[in-house]
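Residue numbers (this note's numbering): 14 to 557.
Working notes, structure below.
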Amino acid sequence: MELIVEDAEFVTMAAGAGAAQAMLVRDGRIAVMGPAEAVRAAASPGARVARLDGATVIPGLIDAHCHVCDVGYLAAAADCSQPSAPDIPAIQARMREAAGRTPEGSWVTGGGYVEYKLREGRHPTRADLDQAVPHRPAVVYHTSLHACVLNTAALREAGFADGQPDPPGGAFGRDREGRLDGVVFEGPMFGLFERNLRHDLARMGAAQAARVVEMAGQRLAAFGVTAACEADMRRDSFGAFAEADANGLLSQRIYGLVVHDQVDWLLGAGPAQGAQEILRGRLSGRLAAEAVKIWADGGMSSRTAAIHGSYPVPPYGSGILYFERDQLTEMVRAFDARSFQVCIHAQGDRAIETVLDAYAAVLAGTAGNPRRHRIEHGGAMYPPLAARAAALGIVVASQPGFMSTLGDGFAAAFGDRRDELYAFGSWRRAGITVAGSSDAPVITADPLLGIRDAILRRTGDGLVLGPAERLAARDALELYTTQAAFAMHREGDIGSLEPGKLADFVVLDRSPLRADPERIADIQILATVLDGTPVYQSESVLAD
Ligand SMILES: [Zn+2]
């Protein structure tokens, strides 16, 4: 099986590589890159030829921190997005329809609405949902996943009552009389989402659960994503990925960050799918789980990230630190001793300091950071902390796309330190490996939006956060290719287009390196290719 790709601009991201006008793919790997004549000469007589008409080919994009299973769960919910559901009656109709196919005992679920895009210009309410689904719990998630709307039955089941004050890290929408109007913001929303997801996965058969992660993969493939770290791998989601992999339904290489308290389950009694080997190596070319996920603190948007000092905005306070330094150190030490890569969610400077203390203690006497222990997010990793992280060789998986989507909230919460948040420019200059990621479904999984934001650093309101931290286009693309591949121990196979590597690539209508940065998010994905085989095509650019 050979494929010649030619008449394209190749952005190889390979260090020191010369220009290539063509690429030969053989048995799922890149065999030759170079001038068209050389590639043709190396190909067998029967090789298929794809002429791309001047399109751009880049390495498959890698999302180093994505909640893939959650993306699929939302993709499987009733589509309440705009313009597909232009007004509240349309959402009601979708929810009525979803009620008919949702098994009893599960909440009728919809997702994707944006209140200001609805004809009514407001959130749907509990009363709106009660009209559509009167007798059982129903929820519609906002596209940002920072809000959702519950009907009366769902409010009751969630234990939310009219007289109740706003919960920590969140808020309830209320009507004029002060009664809950069904809208739930932030903190309690995440809890609900998580609970419903776990509950529904537990009730699904293997094929249905596999379908959830298959749908996530289709969404990601349409964004040009060929590999993703599942940032929240658990027993149930792992089963879904393994089932999908066994049936050839994965559209990405999935690298699992296993939630720390589920590791022993995977190592021990384990499922039949060979979990013992998975945690000690690779299950397949498309599914592995070699890392452990630990949460050190809360989030930036909910202002629960653990910081020095306190927030000037609700809920005030200094955030939440889940583990003391010694406890965290012992956890890291134990996982490190068992050969695991450790990935710790840390957003606030106080949490990042604690994590660096733990890593420093565990890595003392070791040359560098051989297991590539990571910090996830690293929002408030200010210069002295970044210098420590660089000296320890810590890898950071971060989210440039937060700039345009959540940046104004960060600016409000961090005041005069706002320019030092997500300081990608300083981090790279300090020598830190920074892997690009989305944290989807918190924001869209579209890496082009992240690349644009890494270059522009502009918030939704037009504020530029840390102009000195802006990256050049090539550096921004590195986050989602070579750097992310390193963050998941796969730089030998993916992240750049070079002979010997896997043929994971994306065909774009324009080069992100030459496009106006303002227009990068508008670049069209023409095809996404994994192992030399398209997993997504917008037009049949690679077909015979
Ligand atoms: Zn996350």
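Backbone N, C-alpha and C define an ideal beta-carbon position, used for all residues, glycine too.
beta-carbon residue i near ligand 1 non-hydrogen atom, thresh 8 Å
i, result
"H273", "no"
"V455", "yes"
"E504", "no"
"A88", "no"
"D245", "yes"
"D310", "no"
"D194", "no"
"E207", "no"
"E389", "yes"
"H159", "no"
"D76", "no"
"H212", "no"
"D452", "yes"
"H358", "yes"
"H13", "There is no way to answer for residue 13, as the model of the chain reaches only from 14 to 557."
Cα-Cα separation between residue i and residue j, rounded to whole angstroms
i, j, result
"Q537", "G378", "48 Å"
"S57", "A255", "35 Å"
"E303", "D245", "13 Å"
"L16", "G545", "8 Å"
"V18", "G47", "11 Å"
"G283", "A319", "For G283, the predicted structure reports a pLDDT of 43, less than 50, and the residue's modelled location is therefore unreliable. The matter cannot be settled from this model."
"A301", "Q360", "26 Å"
"G420", "A426", "10 Å"
"D362", "V326", "17 Å"
"V197", "G438", "36 Å"
"R247", "V271", "6 Å"
"G287", "L296", "Note that G287 has pLDDT 45, beneath the 50 cutoff, so the model's placement of it is unreliable and no number is given."
"I291", "E366", "Confidence in I291 is poor, its pLDDT being 48 and thus under 50, which makes the residue's placement too unreliable to answer from."
"G479", "A485", "14 Å"
"T472", "S417", "4 Å"
"D557", "A54", "Confidence in D557 is poor, its pLDDT being 49 and thus under 50, which makes the residue's placement unreliable; the coordinate value appears in the next sentence. In a straight line, the C-alpha of D557 is about 20 Å away from that of A54."
"M26", "L263", "25 Å"
"S119", "G513", "47 Å"
"E170", "F206", "13 Å"
"G294", "I333", "Confidence in G294 is poor, its pLDDT being 48 and thus under 50, which makes the residue's placement unreliable; the coordinate value appears in the next sentence. About 34 Å."
"A111", "H159", "22 Å"
"I104", "A98", "6 Å"
"A285", "G125", "Annotation note: pLDDT 42 at A285 (below 50); position unreliable, coordinate value reported separately. Computed Cα separation, rounded: 36 Å."
"V368", "G59", "55 Å"
"Q231", "P547", "11 Å"
"Q289", "L492", "Note on Q289: pLDDT 46, under 50, position unreliable in the model; the coordinate value appears next. Their backbone Cα atoms lie some 31 Å apart in a straight line."
"A241", "P180", "33 Å"
"V24", "T494", "11 Å"
"R224", "A404", "43 Å"
"R189", "T317", "29 Å"
"I267", "E243", "7 Å"
"F185", "D194", "8 Å"
"F415", "E50", "44 Å"
Where the alpha helix (DSSP H) containing residue i begins and where it ends
i, result
"G218", "No alpha helix (DSSP H) contains G218, which DSSP labels as neither H nor E."
"R268", "With the sequence shown as reference, residue 268 is identified as Tyr, and Arg is not the correct amino acid for it. Y268 -> not in any alpha helix (DSSP H); beta strand (DSSP E) instead, spanning 266 to 272."
"I445", "From DSSP, I445 is part of no alpha helix (DSSP H); its letter is neither H nor E."
"V84", "81 to 88"
"I104", "101 to 114"
"T418", "415 to 427"
"D452", "From DSSP, D452 is part of no alpha helix (DSSP H); its letter is neither H nor E."
"P460", "460 to 469"
"L168", "165 to 171"
"G252", "248 to 259"
First and last residue of the uninterrupted beta strand (DSSP E) at residue i
i, result
"D66", "61 to 72"
"G124", "121 to 126"
"Q550", "546 to 550"
"G47", "42 to 47"
Residue closest to residue i, alpha-carbon to alpha-carbon, out of the options
i, options, result
"R109", "P99, T122, G118, D100", "T122"
"R523", "G67, V455, T156, S315", "G67"
"L476", "A448, G508, G449, G422", "G422"
"I71", "V238, P201, G391, A49", "V238"
"Y154", "C93, A489, P147", "C93"
"E389", "P396, R338, S451", "S451"
"A481", "I468, P454, R487", "I468"
"R11", "A106, A35, Y335", "Residue 11 lies beyond the residue range present for the chain, which begins at 14 and ends at 557; the question has no answer from this structure."
"G298", "G261, R532, A497, D535", "G261"
"Y86", "G200, S553, T156", "T156"
Proximity test, residue i beta-carbon vs ligand 3 heavy atom, cut-off 8 Å
i, result
"H155", "Within the structure as shown, ligand 3 is missing, the only ligands being ligand 1."
Mind listing, in chain order, the continuous alpha helix (DSSP H) runs of no fewer than 4 residues lying wholly within the region 337 to 409? 338 to 350, 362 to 376, 396 to 405
Those runs of the alpha helix (DSSP H) which lie wholly inside the region 189 to 216 and span at least 4 residues: 200 to 216
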